[in-house]
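As structure tokens, the structure follows; a few thoughts come after it.
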Amino acid sequence: MKRLKIAATALAIGAVVAPAQAEDIKIGVISILEGAFASLGQDGIRGAELAVKEAGGVVDGQSIDVITMSSDASPDSAVNAARKLIEQDNVDILVGPLSGSEGIALRDLSKSYPDITFINGSSAAQDTTLRDSSENFFRFGGDGAQWMVGVGQYAYEEMGYKSVAVVAEDYSFPYTQVLGFMSEYCSAGGRVPEKFWTPIGNKDYSSVVYSIPDDVDAIFVALGGADAVNFLTQYDQAGGDKPIIGGSITIDSSILESKGPFKNLLIGAPAGTPTVSDYEGDEWIAFTALYNEAYPDGFSAPSIFAHHYYMGAKAAMLALDEVDGSLDDGQQAFRAALTDLEFVTPTGGTMRLDENRNGIIDNFVTEVYEREDGSLGTRVVKVVRDVNQVLGQDPEIFLASGPVSRDNPSCP
Amino acid sequence: MKAGFLALPLIALPFVLNDFWLTQIATRALILGITALSLSFLATYLGVVSFAQITLAGIAGYTIAYFGPNTVGVGIKLPFWVSIPAALLFSVTAGALIGYIARRSRGIYAIMITLAIGVAFFYFTRQNYAVFNGWTGFSGITAPVVAGTSLRDPSTLYFLSLATAAIAVVLVSLFARAPLGLAIQAVRDAPSRVMALGIPVTTPVVAAFAFSGLIAGGGGILNVWYQERISSFSVGLGPIIDVLIIAVIGGLRHPLGAFLGAIVFVLLDTFAVDLIDRDRFNTLIGMVLLIIVMVAPNGLQQLAADAVAKLRAKEHQSGKSARIKTNT
Amino acid sequence: MRLFLIVTLNGLTLAALYFLAASGFSLIFGLMRTVNMAHGALLLLGGYVGYDVVELTGSWMLGIACGGLAAALAGAAVQAGILGWMQGDELRQTLASIAISIVLADLMLWYWGGITYQVSLPDILSGGQKLPLLGVGYANIRLALMAFAVVVGVMLWFLIQRTRFGAVIRAGVDDQDMLRALGFPIGRIFIAVFALGSALAGMAGVIAASALSISPGTDLQFLLSSLVVVIVGGMGSIGGAALGALLVGLAEQYGLAYAPTYGVVFTFGIMVLILAVRPQGLMGRSEQ
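These protein sequences, in sequence, are chains A, B and C.
The numbering used here runs 1115 ahead of the 1-based position in the first sequence.
The numbering used here runs 12 ahead of the 1-based position in the second sequence.
The numbering used here runs 541 ahead of the 1-based position in the third sequence.
Right under this line is the structure:
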């Protein structure tokens, strides 16, 4: 046993000396590569790598090293992954993570590593930047509420839904999505008589299906991945025929491409999202072509995760280019460049940050349609430009309404 | 003598390791080892494999989070000299309660009832916002600052964990020899005979679980300082299985086994991703675990002890060392 | 009232699925005292293989058969190659099967990816129909689940109570050493039972993929539900597994409908409560 200890010590000392002294700039990417989110997490990695590839993998003669690390959707694992990337792999910049609670965890962690710049992947918790933000944590994207802007109004005015039931997973990201939907929908005059919060990973929704009141006009479904597939299938099998309104990860290319008979239920469903797989803007077509060329075995179009990891990594590349690859002086110049950065996103808008370093985004209201070959796509029915984190409201009033929860907001 | 051989390199570690190795590997292994020790203690002396040790650690951790500084706005801030004893009190009480609930369960049934308790607690923390802050849990927890030094400071936290581990090992040895400890072992070996002697079985079982709650609680407090956060994920099925893995691959028969298992586990968990294609590291973790279970039925500690014994036997071929003492 | 009846029906159909998933687990434990933590992984493997076969051939029945066969082969390999070598050491087997499930889950993720699969149903089972009394639509596959569960339950009962193979299994449950002494090739019997239990898991996987869906993580969910079902009912008793499945299925659906916030906690709360009062499960025999 003593021998083992000595061996471990020797290994340890070796590791202290070992780190490479090369001039390379290292970007660590944290995403979920195991469990239920694995395929989405892999697409996030593709997005980040694509931004680096696009720049030729070099900034001012310094090559960019991308090192990936997996988390398992838990904040603890994201923090451990980040610590390993920073302390052992010596990354300069971190891109990630994927999910909301992980984002808040890395935001907190970033305060302990003032010399490292953290750029959010696709995590979309509101409080990551809205409350208790961190100087070195940037999000070139929106939060879950921003991603729903436009839908509430569209549902009330265009679709004529006067009341809507909510079916959503019982954790912070869907709470935020519901806030984004309801703040608009309720002030337009709509009512949400009932909300069904279901445990994440729930398999059997049948009892929820039958509890949905008969007198609502539509169902707002904020479920992701397998949960959405299960709910929609079971609703379909039970003969349910209420129109669906989708959350941002309910209707994404990864869901549209999942194999199952529930698809028909989705046709015509509006949803709020910053990422539209079939968007016809020139920038998006070019981005999709780039993605398809680099990843023939990826999805048919970049998912919301690839899109957001791409924007995070792209911002890093652009800011690095602006400071000629210099990360000296605690990355001050690099961060200033990030703060002032403005660039055209794959969806054609102009990405820039607010004072909390959160993205001001363009958001889309989409609807699902059937392509000629029978596969499903989404098309844009409405674009909302310049959505900020307080959803266009007075910041003080917005903050005073408190953090999202199961019961906030409410308009029964 | 032997303790000295062990102690010296361990005390020297902060002077040779960088922060990553000290905190992410050594300290993390010590903390996991402490929690695993609470499991191997129950397994060795009571003959019960408990899946609820992470729950006990979690109860202590949540207490520190609730009564300490955090950034989520839940809880009441109390000074650390109140919250630390409170955390241990809660984990000991919870341990006693679990022991009482599981007092009649043995073998696989004990595993299952403790697993059910652990999973129920996990879902409860995930769903309850008033006390546990649900899915998100607590973040921004800071360790107390004593005499100008934060206990989260890498070497301070390391020494604190090392001291806690040492105390836990000593306590386990003392407890095992105390009258209550002997009664517990009697319950393990022949419960019906103990009852026939008129000694109630319940008391020793409850005492053993309560004591394991003390050790797990110590690990839980250190863990929440180390992670600076706690959430439902920290008490989920993943950590529950991790601690079981650590205890078993290390070896249940000797208190140090838990720590040996922890260091192997932490190294694997941290570096598997470097050794193999980054997408397939879980396969490697599973394979190594499988191999250890297959080649070292009594854990790595026993394997190492046997190897040392063999080496010694070779050195003393004169025949003096006929009696080879293993660490049991 | 109408909602209560529907929720009860949902609980019953879910219980049927849980029973199908847990029956193999119960069978293996009943004879061999092996807690096979890779049960969920074998179930998921069966589901994936079943999906591929159904896509390829269009035959749902063939999908079920191949899913079961794939899981049976994998299960037999696990018992013959690994778990069989540590027979009698429950804890080591538990741990080894955890390791196997980690490896299997990762390899399946590699091969089938992280997306959600649903097996397309044959025409007779797809869609739904109006329930006569309740006046709501109900999925055919869910009604069929109950029939499957009854068929599997009766077949298992027949196998164990009425066949020679069953007699050997029952003898093995009561006294392994005697069976061995009598010259029965107990190692091979164990492998056969393990394969049979795994086949049940694999078929349940295809059925789960048809009625609900499968994706990474499904393995853990069904492992947990099988553990609860089998333990609450009493290890190794088919009747106990049925009873356990009923309790868990109903608890889960009532929880979801009437107490969504703490519904999941109840399921495990019930398990704790039952085990505290009856450590050997509802229909299990005492270990003494």
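Even glycine gets a Cβ: it sits at the ideal position worked out from N, Cα and C.
Since the structure is predicted, the reported quantities are computational estimates derived from the model, not experimental observations.
Worksheet entry | Runs of beta strand (DSSP E) lying entirely within the region 1154-1202 of chain A, each at least 3 residues, in chain order | 1177-1186
Discussion item. Judging by CA-CA distance, which residue of I233(B), N82(B), F63(B), R189(B) is the nearest neighbour of W93(B)?
Written reply: When only C-alpha atoms are compared, the closest one is I233(B).
Worksheet entry | For Y1290(A) and V1519(A), believed in contact at Cβ under 8 Å, the rounded distance | 4 Å
Worksheet item: Taking the alpha carbon of L1506(A) as the point to measure from, which residue in P1527(A), L1433(A), D1455(A), A1260(A) has its own alpha carbon closest?
Response: Distance check between L1506(A) and each of P1527(A), L1433(A), D1455(A), A1260(A) places A1260(A) closest, using alpha-carbon atoms only.
Worksheet item: Should K337(B) be labelled buried (16 or more other beta-carbon atoms within 10 Å of its own) or exposed?
Response: The pLDDT assigned to K337(B) is 42, lower than 50, so where the model puts this residue is not dependable, and the model offers no usable value.
Item to complete: Give a yes or no on whether the minimum CB-CB distance between G119(B) and chain C is below 8 Å.
Response: Nearest CB-CB separation between G119(B) and chain C: below the 8 Å threshold.
Worksheet item: What are the boundary residues of the beta strand (DSSP E) that includes L671(C)?
Response: The identity of residue 671(C) in the sequence shown is Lys, whereas the question assumes Leu. Start and end: 669-671.
Worksheet item: For Q139(B) versus T657(C), is the C-beta spacing smaller than 8 Å?
Response: no
Practice prompt. Go ahead and pull the three-state DSSP assignment for S739(C).
Written response: helix
Practice prompt. Report the residue from L764(C), F731(C), L814(C), I748(C) whose alpha carbon sits nearest the alpha carbon of W626(C).
Written response: Answer by Cα proximity: F731(C).
Practice prompt. Label H328(B) either buried or exposed according to how many other C-beta atoms from any shown protein chain fall within 10 Å of its C-beta, with 16 as the threshold for buried.
Written response: exposed
Worksheet item: For G552(C), which of helix, strand or coil comes out of DSSP?
Response: DSSP, read as helix, strand or coil, puts G552(C) in helix.
Fill in: Members of the region 1321-1349 of chain A near chain B, C-beta cut-off 8 Å
none
Discussion item. Against Y141(B), what residues of chain A qualify as contacts under a CB-to-CB distance less than 9 Å, listed in chain order?
Written reply: S1520, R1521
Practice prompt. Look up K1378(A) in the DSSP assignment and say whether it is helix, strand or coil.
Written response: helix
Worksheet item: For S151(B), which three-state DSSP category applies?
Response: strand
Worksheet item: If we count the other Cβ atoms within 10 Å of its Cβ and call it buried at 16 or more, is A1137(A) buried or exposed?
Response: Annotation note: pLDDT 48 at A1137(A) (below 50); position unreliable, coordinate value reported separately. Exposed: under 16 other Cβ atoms inside 10 Å.
Fill in: A582(C) classed as buried or exposed, judged by whether at least 16 other C-beta atoms fall within 10 angstroms
A582(C) is buried by the Cβ-count criterion.
Item to complete: Could you pull out every unbroken alpha helix (DSSP H) segment of at least 4 residues lying fully inside the region 702-790 of chain C, listed in chain order?
Response: Within the region 702-790 of chain C, the complete alpha helix (DSSP H) segments at least 4 residues long are 705-715, 717-722, 727-752, 759-774, listed from N- to C-terminus.
Worksheet item: Under a CB-based cut-off of 8 Å, is L544(C) close to chain A?
Response: yes
Fill in: For A1428(A) and A1166(A), believed in contact at Cβ under 8 Å, the rounded distance
4 Å
Worksheet item: Whose Cβ in chain A lies nearer than 8 Å to the Cβ of G669(C)?
Response: The contacting residues are Q1352, A1353, G1354.
Worksheet item: Would you call K326(B) buried or exposed, if buried means 16 or more other Cβ atoms sit within 10 Å of its Cβ?
Response: Exposed, because fewer than 16 other Cβ atoms sit within 10 Å of the Cβ of K326(B).
Worksheet entry | Listed by chain order, chain B residues near E1149(A) by CB distance under 7 Å | N294
Worksheet entry | For V320(B), three-class secondary structure by DSSP | For V320(B), the secondary structure class from DSSP, reduced to helix, strand or coil, is helix.
Worksheet item: Between the C-alpha atoms of G587(C) and V747(C), what's the straight-line distance to the nearest angstrom?
Response: 6 Å
Worksheet item: Alpha carbon to alpha carbon, how far is T75(B) from G1215(A)?
Response: 24 Å
Worksheet item: Which residues of chain A have a Cβ atom closer than 7 Å to the Cβ of V590(C), listed in chain order?
Response: Simply none; closest approach about 15 Å.
Item to complete: Closer than 7 Å, Cβ to Cβ, to anything on chain B: give me those residues from the region 803-826 of chain C, in chain order.
Response: Cβ contacts with chain B come from Y803, V805, V806, F809, G810, M812, V813, L816, A817, P820, Q821.
Fill in: One or two residues paired with G678(C) in a DSSP bridge
K671(C)
Worksheet item: If we call anything under 8 Å between Cβ atoms a contact, is A178(B) one with A69(B)?
Response: no
Worksheet item: Mind checking whether G1203(A) and G1440(A) have CB atoms under 8 Å apart?
Response: Strictly speaking, residue 1203(A) in this sequence is Gln, with Gly absent from that position. Their beta carbons are not under 8 Å apart, which means Q1203(A) does not touch G1440(A) by this criterion.
Discussion item. I'd like to know whether the C-beta atoms of F102(B) and L90(B) end up nearer to each other than 8 Å.
Written reply: no
Discussion item. For a minimum of 4 consecutive residues, which ranges assigned as the alpha helix (DSSP H) are wholly contained in the region 1262-1336 of chain A?
Written reply: If only uninterrupted alpha helix (DSSP H) runs of at least 4 residues are considered, those enclosed by the region 1262-1336 of chain A are 1287-1303, 1321-1326.
Discussion item. For a contact defined as C-beta to C-beta under 7 Å, what are the partners of K1199(A) on chain B?
Written reply: Q36, T282
Discussion item. Using only CA atoms, which one of A122(B), V182(B), A114(B), A19(B) lies nearest to P267(B)?
Written reply: V182(B)
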